[in-house]
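Reading through the structure tokens given below for one structure.
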Amino acid sequence: MFTILTGSQFGDEGKGKIVDLLSKDYDLVVRFQGGDNAGHTVTVGEDVYKLHLIPSGFLLDSRVLIGPGTVLNPEVLAEEIDMLAEGGVEVHSDKLGIDAKTSIIMPYHIEMDGLRESSRKEKIGTTKRGIAFAYMDKIARDEIRMGDLVDSEKLMNRLSLITASKEAAIKELGGDPSIVTDKELIDKYLELGQRLAPYITDVSYEINTAIADGKNVMAEGAQGSHLDVIHGTQKFVTSSSTIAGSACANLGVGPTKVDEVLGIVKAYITRVGEGPLPTELDDEAGKHLHDVGHEFGTTTGRSRRCGWFDLPLLKKAIFLNGYTSVALTKLDVLTGLDTIRLCVAYDLDGERLEYPPIDTSDLGRCKPIYEDMQGWSDDLTDVKTYADVPELARNYVEKLEELMGVPIEYVSVGPGREQTFRK
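Residue numbers (this note's numbering): 23 to 445.
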């Protein structure tokens with residue numbers, strides 16, 4: 023069985039905890055896009071793991087893979103492996119695999135990213151981790167790959183071909199071009215290459231042979247559907263395709279192999295950084311969602327903007343991904359609100375829209391049209407089955423399911439593994 027899991031909003035929907043919950047049923051869990059600009063949090067008992075590169079299935083028996091559609095900072099990956107080892111979780115080469123074709127984020131990518139964002143008149147809100155510039159090199163066929171880091175001659179040859187253009191680009195941005203050929207940095211990356219060499223594999227081959235052998239594979243997306251580089255809220259997007267179809271393309275798995283597409287949906291909506299958020303709240307309800315939901319970014323630590331559930335955006339995510347079911351997270355955060363609002367459509371210059379407009383600036387001018395539901399005061403965090411969810415909270419869940427037209431398969435009422443259950 024091949025399952026693809028993606029975020030349906032702007033990221034931070036709780037993908038990590040759902041993958042952690044489900045990974046016991048999967049032989050392989052695979053990351054298919056993004057880099058260390060995305061973070062996921064897994065909570066098991068008192069242990070909290072905040073990761074950026076290693077897929078969420080690492081705590082159970084799954085083998086986890088980093089596919090060639092990702093961009094990899096090897097220093098960050100090595101730090102995560104060390105951090106897990108300090109906590110008693112060993113990540114050996116039988117547990118983790120990295121595709122040889124995975125693009126490497128080089129020091130000059132990070133330098134260029136910071137310089138470019140600083141020079142922008144209109145900030146995008148980039149994490150300044152070199153993601154965009156690494157993807158640019160992939161498209162331009164100037165990338166350094168994971169396989170290059172294990173061979174000093176190959177790495178130096180690759181660098182020699184691009185040094186002049188990289189130095190010129192950094193100089194134009196006002197930076198120090200010597201970072202491209204800095205011997206200390208190059209030596210460090212070669213050392214990292216030797217350390218990570220045992221993990222190198224052919225991810226496409228592993229996945230396809232696993233499926234052929236009747237094993238279960240999950241492709242884990244990063245960020246969210248509306249940050250997709252093509253279909254998201256341009257230009258306030260990430261640098262990769264975050265939707266389900268890119269899992270097939272990036273991992274080298276035919277679309278006929280897909281059995282399930284699971285969307286992760288937060289019971290309200292959040293966004294980090296710039297860009298439109300039609301239901302954004304700056305009142306007491308927004309403060310409640312932010313504070314109770316602990317809405318701070320895993321990667322940046324930045325405060326997340328909060329808003330009511332946005333059905334038009336969710337409809338688009340359903341179209342983009344073809345969800346067969348969804349997991350609803352953070353239902354417990356809504357406890358204590360007297361009234362819960364659902365954005366069912368937009369008003370744009372007097373016209374009712376039930377689907378987001380094409381232009382990002384138009385989305386920013388949309389005014390939400392709400393349906394109100396009665397809130398609840400019951401604490402949900404100790405609930406273990408859907409049958410025990412209080413009636414008013416169940417009404418909300420079932421209203422969302424009706425409006426989405428996609429079955430809600432899982433409901434989450436807290437960060438712990440035991441706080442997620444089937445509907």
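The beta-carbon is built from N, C-alpha and C at its ideal position, and this holds for glycine as well.
Given the structure is predicted, the values throughout are model-derived calculations rather than measurements.
Proximity of residue i and residue j at Cβ, strictly below 8 Å
i: L212; j: E97; result: no
i: P378; j: K338; result: yes
i: N343; j: G285; result: yes
i: F54; j: N272; result: yes
i: K352; j: G323; result: no
i: S125; j: L94; result: yes
i: R326; j: D58; result: no
i: V70; j: P77; result: no
i: S247; j: I233; result: no
i: Q216; j: V172; result: yes
i: D394; j: R363; result: yes
i: G329; j: T301; result: yes
i: G79; j: V41; result: yes
i: I166; j: R180; result: yes
i: A241; j: V52; result: yes
i: I132; j: G109; result: no
i: L359; j: G397; result: yes
i: L73; j: E102; result: yes
i: Q256; j: G56; result: no
Secondary structure of residue i, DSSP reduced to three states
i: G36; result: coil
i: A349; result: strand
i: G91; result: coil
i: S187; result: helix
i: D360; result: coil
i: F443; result: strand
i: V411; result: coil
i: V51; result: strand
i: L73; result: strand
i: G436; result: coil
i: I166; result: coil
i: Q396; result: strand
i: E108; result: helix
i: E431; result: strand
i: R416; result: helix
i: V225; result: helix
i: L181; result: helix
i: L118; result: strand
i: G57; result: coil
i: V98; result: helix
One or two residues paired with residue i in a DSSP bridge
i: D369; result: R374 and K389
i: S125; result: V93 and R167
i: F24; result: V239
i: S263; result: DSSP, once it has assigned bridges, lists no residue as partnering S263.
i: F258; result: Looking at the DSSP assignment, F258 forms no beta bridge with any residue, so it has no partner.
i: C328; result: T292
i: F155; result: Beta-bridge pairing links F155 to no other residue.
i: I286; result: G29 and A349
i: G308; result: The partner list for G308 (beta bridge, DSSP) is empty, contrary to what the question assumes.
i: F318; result: S325
i: R85; result: L50
i: E302; result: G329
When the options are compared against residue i, the one with the closest alpha-carbon
i: S399; options: A241, C388, L385 and A415; result: A415
i: L336; options: L43, D313 and F32; result: F32
i: Y130; options: P334, G110, S174 and A186; result: A186
i: G372; options: G79, A409, K406 and C388; result: C388
i: C365; options: F80, R85, Y290 and I88; result: Y290
i: I192; options: E112, K160 and G136; result: G136
i: I430; options: N417, S174 and L99; result: N417
i: L15; options: S434, R293, G276 and N59; result: Lying before the first or after the last residue shown, residue 15 is absent from the chain, which here runs from 23 to 445.
i: F443; options: K257, A349 and Q216; result: A349
i: L118; options: Y221, L311 and Y408; result: Y221
i: E424; options: S347, Y368 and T382; result: S347
i: S140; options: T260, G197, D384 and S383; result: G197
i: P334; options: T25, G110, S30 and F24; result: S30
i: I88; options: D384, K237 and E228; result: E228
i: S383; options: F258, V294, K445 and C328; result: F258
i: R293; options: M105, L311 and E206; result: L311
i: D170; options: K123, K279, V111 and E102; result: K123
i: P90; options: E317, G274 and K421; result: G274
i: K160; options: T407, K37, P199 and M128; result: M128
i: E282; options: M134, V428, K205 and E102; result: V428
Presumed contact (8 Å Cβ cut-off) between residue i and residue j, rounded CB distance
i: G243; j: L27; result: 6 Å
i: T403; j: D332; result: In fact, because the Cβ distance is near 25 Å, the residues do not count as touching under 8 Å.
i: I340; j: A367; result: The Cβ separation is near 16 Å, so there is no contact.
i: V251; j: F24; result: Not a contact, Cβ separation roughly 23 Å.
i: A154; j: S261; result: 4 Å
i: L99; j: L75; result: 5 Å
i: M168; j: D116; result: About 18 Å separates the two Cβ atoms, so there is no contact after all.
i: D164; j: I184; result: 5 Å
Residue i at chain C interface by Cβ criterion, 8 Å
i: D209; result: Of the protein chains in this structure there is only one, and it is not chain C.
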